[in-house]
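> Mind having a look at this structure? Questions to follow.
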Amino acid sequence: MTLSIPHQQRLPLMIAILGFLFLGLFLLWPLANVFGASLLDSEGAQFTFGNYTRMLGRPYYRTAIANTLGIGAAATILTTVISVPFAFALARLPVAGKQAVQAMAALPLVLPSFVSAYAIVLLLGNAGIVTRWLHDHGIAIGSIYGATGIILVYALTLYPYVLLPTVAAFKAVDVSMEEAALGLGSSPGRAVRTVILPIVLPAILAGGLLVFIETLENFGVPFVLAEDMPIFSVEAFKLFIGETAANPAQAGVLGVLLILTTALVLLVQRRFLSRRRFATNARAAPPLLRVGWGLRIAATLYCWTIVLLALVPFFAIVVLSFMEFRGPVLHEHFSLGNFAGFYDKAMRPLANTLIFASLASLCVTLVGVPIGYVVTRWRSGTATVLDVVATLPFAVAGTVLAIGFVMSFNAGWLVLTGGPLILVLAYTVRKVPFAVRSAGAIVHQIDVSLEEASVSLGRSPLQTFLRIVAPLMVGGILSGIVLTWVTVASELSATVVLYSGDWRTLTVVMFQSLEGGGAGLATAASTVLIVVTLLPIALLYRLVRRYELG
Amino acid sequence: MAGIHVKGASRSFGSVRAVDQVDLEIGEGEFFTLLGPSGCGKTTLLRMIAGFCELDAGEIRFGDKRIDKLSAHRRDVGMVFQNYAVFPNLTVAGNVAYGLRARRVPAAEIGSQVEAALGMVQLGGYGERMPHQLSGGQLQRVAIARALVIRPQVLLFDEPLSNLDARLRVSMRAEIRQLQQSLGITAVYVTHDQEEAMSVSDRIGLMNQGRLEQVGVPSEIYRKPATRFAAEFMGTTNLLEARQLGLAAPVTVSLRPEALRLADEAPADWPRLAGTIAALEMLGPLTRLDVALANGTVLRLAMLDQPQRPLQAGAPVTVAYDPARLVIVP
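Protein chains in written order, with my numbering: chain A, -6 to 543; chain B, 358 to 687.
Structure (structure tokens):
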């Protein structure tokens, strides 16, 4: 039998098939099971929409939907309102210490958001240090629990999602367009409104959308701060783990609704953005505006305030971890007790976190980079489908994916529950979209003719990929690995469903001590987690700097 | 080394027939140029030969061996790209050695072969440099050395000079021609620049809309254009109805500007035409005139610079043309 597949398509097709196999087994199959469970009656025999009508009929879950969407929308708006002026200041105004601001502004992306939430509780909660101190001085502050606290934490931890693309967009505006607007008689204000903002708007919207999706999926922040307020992802978790009786069908309903909501948001964004794309051909970033001292000081203060406010919770928790806790109660003097406790109880979870994060980053790279290569280089229907499937995990909350994993790999020919592998696989699937995107962006920068030159010199497409494409991608892949590693290390939403026995991670330790009132251990674990996330970033930064200087 | 035989090669992209039923015979050791405007299919045809573009129909052979179903990396071609495509992660020597390593040439021989190839393109001693330290012209030399060193059956050039500045283009094309001749490798060269094509080629295949419009040696294509398109693409020409020159035949003719002269410098048997100078363009070695005839026809005329002869727009002038250079085009 002869293969009738054209020779240049064999490698991409092979990669696509492997990609589909992996994503089919570890993404589509679990999701299909979640859908399936949501559509079956309590005996698991009859097809029914009963679960949906029952869930949506209960005010409690309707409130959960409203809360989740409302908080998400409010957080998105707040984030955007904070970030757009910030971005403009970074791109176009003289801000003192701009480099430092820029470096620090990216940090919340890699620091675990629920640590920030927890720090807020320790500082401003009912028994929080600041709350008590204010109380002693006769000042009462409102409750930080519920929507206020959640929105605040989201805004402080998610603002880089809007800030970073918007800064890039402001810098990509061709200065001659601005000059054209001014030359035609616009005031500077009008030029910003009518020329610059429309060009920057797609970036702002794309960033805002990321924020919204993150809020829909986030488990840790509402878990810490929601108290009695029902929130989607937390309710799905409770229904599935079931303190009284686990109810996979109803958890499935919430999961499906969550996926559909995210998918809908993504679709709306695609439709909206595809009609508003502006190509600018700016050769260099536009120059800084000349402004007076007043505006200069205001811009500097504004940028520094936001950056520092976002980092204060992390700083606070590091400080607090060196104080003594008796149960949940803090005593304000130095102590290494928390770390002694950590050493006793949490060394194994620390090791697990390090191992899982390493394995997952390796797997994500092996799966995501070839897929990113194929969807960028190979224009065909198959590649488009692969792209969509590989992006799908982005729309699936970690909790929901994890529920699907348990439903799929609890019995049958492939049993993974109860072991460490299921965590690694879940992390891999969750991070694949990011690896595909970043690998695709790098491949886009590599001229196709380099590959053609290699092939015409006698290297097969596979050898070409390994000898030419991969080495050229190494820098980008390395940053991708570090980012995956860091975000996996602080993953909570899937972990909390999938961990078992000996295979707890640092985040699980924190989660459990929060539930059980072991605040001291939680702060120590937070500090360790912060160090574990910042260390690789710092190393990478140094490596990149050295590479650029050399 | 082998000739290239293309039979009935076709390829469509959507509804566009990029290459349409092309038959082509390129002899062993020949320097053949595919010339045409952008989008004419010349690059697609070259990429078919290289193995980067599937054929919808037809076949391609190197000598007796059919290669159109063969993977690109098994075709034994050397290719030079427009944007150099020098591997940025390898040294100059690493680039040149790349194809030799793929062919499992013993390590002991690689060094001397690389140095010889670099010598051929005047880059001796540049082996240890990294590509980002080289200029565009040097990068293209590396690419040529890299393609030559593997002694391919066929050498392919995809607009190799269009990223270089004008002066370098002229000297590089002579070098490429000279290298190809000394090695005797069959070469296919793609360009949209007719002057470049004429200067390097043994034969030219003029392409338009996916088809070969005319194939021939450069002088023949220039002097005897087979079609209107060929006449117009190969440099400036006067395309006229014969009656505009006062001839009876109902045909279209092509008359090159240099086949026209001022009447007092032309042989006595050349037909004369009276008119006025409509426009005058001084280009240095050449002077171009637009001469408007009484019947409204504008003729373009080119002559060498004549400092002793004052010419002025608006002045009456009589011109003459060489009847032997009047070409009838369909």
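We treat Cβ as the ideally placed atom computed from N, Cα and C, and that holds for glycine. No experiment lies behind these values; they were computed from the predicted model shown.
Distance cutoff 9 Å, beta carbons only. Does THR457 of chain A sit that close to anything in chain B?
Taking CB atoms only, THR457 of chain A has a neighbour in chain B less than 9 Å away.
> Going by alpha carbons, who is nearest to ALA359 of chain B out of B:ALA366, B:GLU382, B:GLN378, B:SER372?
B:GLU382
> Checking contacts by CB at 9 Å: is GLY374 of chain A closer than that to chain B?
no
> Counting only beta-carbon atoms, is ALA500 of chain B nearer than 9 Å to chain A?
Closer than 9 Å to some Cβ of chain A, the Cβ of ALA500 of chain B qualifies, so yes.
> If we call anything under 9 Å between Cβ atoms a contact, is PRO386 of chain A one with VAL425 of chain A?
The beta carbons of PRO386 of chain A and VAL425 of chain A sit closer together than 9 Å.
> Are the CB atoms of TRP496 of chain A and GLY412 of chain A nearer to each other than 9 Å?
It is a contact, given that the beta carbons lie within the stated cut-off.
> How about VAL443 of chain B: is its C-beta nearer than 9 Å to some C-beta of chain A?
yes
> Note down the Cα distance separating ILE685 of chain B from ALA407 of chain B, rounded to an integer number of angstroms.
37 Å
> Anything in chain B within Cβ reach of VAL448 of chain A, meaning under 7 Å, just list it in chain order.
ALA429, HIS430
> Between A:LEU20, A:ALA66, A:MET97, which lies nearest to THR298 of chain A when the distance is taken from Cα to Cα?
A:MET97
> According to DSSP, simplified to helix, strand and coil, what is GLY543 of chain A?
Low local confidence applies: a pLDDT of 41 at GLY543 of chain A is under 50, so the model's placement there is unreliable, with the coordinate-based value given in what follows. Coil.
> Which residues of the region 462 to 479 of chain A have a Cβ closer than 8 Å to any Cβ of chain B? Give them in chain order.
PRO464, LEU465
> Does any C-beta atom of chain B lie closer than 9 Å to the C-beta of GLU207 of chain A?
no
> Listed in chain order, which residues of the region 380 to 412 of chain B have Cβ atoms closer than 8 Å to some Cβ of chain A?
ALA407, GLY408, PHE409, GLU411
> Under the three-state reduction of DSSP, which class applies to PRO306 of chain A: helix, strand or coil?
In the three-state scheme derived from DSSP, where H, G and I count as helix and E and B as strand, PRO306 of chain A is classed as helix.
> With distances taken Cα to Cα, identify the nearest neighbour of PHE514 of chain B among B:ALA375, B:ARG374, B:ALA623, B:ALA502.
B:ALA502
> What are the boundary residues of the beta strand (DSSP E) that PRO673 of chain B is part of?
Counting along the chain, the beta strand (DSSP E) containing PRO673 of chain B begins and ends at 673 to 678.
> Taking Cβ to Cβ, would you say GLY562 of chain B is nearer than 9 Å to LEU391 of chain B?
yes
> Would you kindly work out how many angstroms separate the C-alpha atoms of PHE370 of chain B and SER106 of chain A, rounded to a whole number?
C-alpha separation (whole angstroms): 50 Å.
> Relative to the alpha-carbon of ASN452 of chain B, which residue among B:ILE542, B:MET436, B:PRO488 has its alpha-carbon at the smallest distance?
B:PRO488
> Restricting to Cα atoms, I'd like to know which of B:ARG524, B:VAL449, B:ASN446, B:GLU570 is closest to GLY398 of chain B.
B:GLU570
> Using 9 Å as the threshold, is the C-beta distance between LEU352 of chain A and ALA487 of chain A below it?
Taking 9 Å as the Cβ cut-off, LEU352 of chain A and ALA487 of chain A do not qualify as a contacting pair.
> Near THR141 of chain A, what residues of its chain come up, given a Cβ to Cβ distance below 8 Å and the 5 sequence neighbours on each side ignored?
GLY135
> Against chain A, does MET436 of chain B count as a neighbour if the rule is that its beta carbon must be under 9 Å from one of theirs?
yes
> Leaving aside the five residues before and after THR477 of chain A along the sequence, list all residues of the same chain whose C-beta is less than 6 Å from its C-beta, in chain order.
If we look at THR477 of chain A and ignore the five residues flanking it on each side, its Cβ neighbours are SER354, VAL357, LYS424.
> The region 425 to 441 of chain A: which residues have C-beta closer than 8 Å to a C-beta of chain B, in chain order?
ASP440
> On the DSSP bridge assignment, give the partners of ARG319 of chain A in chain order.
A:VAL322, per the DSSP bridge assignment.
> Please determine, among B:ARG560, B:VAL437, B:GLN490, B:ASP662, the residue with the shortest C-alpha to C-alpha distance to THR334 of chain B.
Residue coverage of chain B in this structure runs from 358 to 687, which leaves residue 334 of chain B outside it and unanswerable.
> Straight-line CA distance for GLY29 of chain A to THR208 of chain A?
26 Å
> With 9 Å as the limit, tell me which residues of the region -1 to 19 of chain A have their beta carbon closer than that to any beta carbon of chain B; keep them in chain order.
Per Cβ criterion, the list reads PRO(-1), HIS0, GLN1, GLN2, ARG3.
> With 9 Å set as the bound, which would you pick, yes or no: does the beta-carbon of GLY482 of chain B sit closer than that to a beta-carbon of chain A?
no
> Since LEU33 of chain A and PHE40 of chain A should fall inside the 8 Å C-beta cutoff, what is the C-beta to C-beta distance between them, to a whole number of angstroms?
7 Å
> Are the beta-carbon atoms of TRP627 of chain B and ARG613 of chain B separated by less than 9 Å?
no
> Whose Cβ in chain B lies nearer than 7 Å to the Cβ of HIS304 of chain A?
The sequence shown places Leu at residue 304 of chain A, rather than the His named in the question. Chain B residues near LEU304 of chain A: none, gap ~38 Å exceeds 7 Å.
> To which residues of the same chain is ALA112 of chain A closer than 6 Å at the C-beta, ignoring the five residues directly before and after it?
PRO306, ALA309, ILE310
> Output needed for PRO529 of chain A: all residues of its chain with C-beta closer than 8 Å, excluding positions within five of it in sequence on either side, in chain order.
VAL475, TRP478, VAL479
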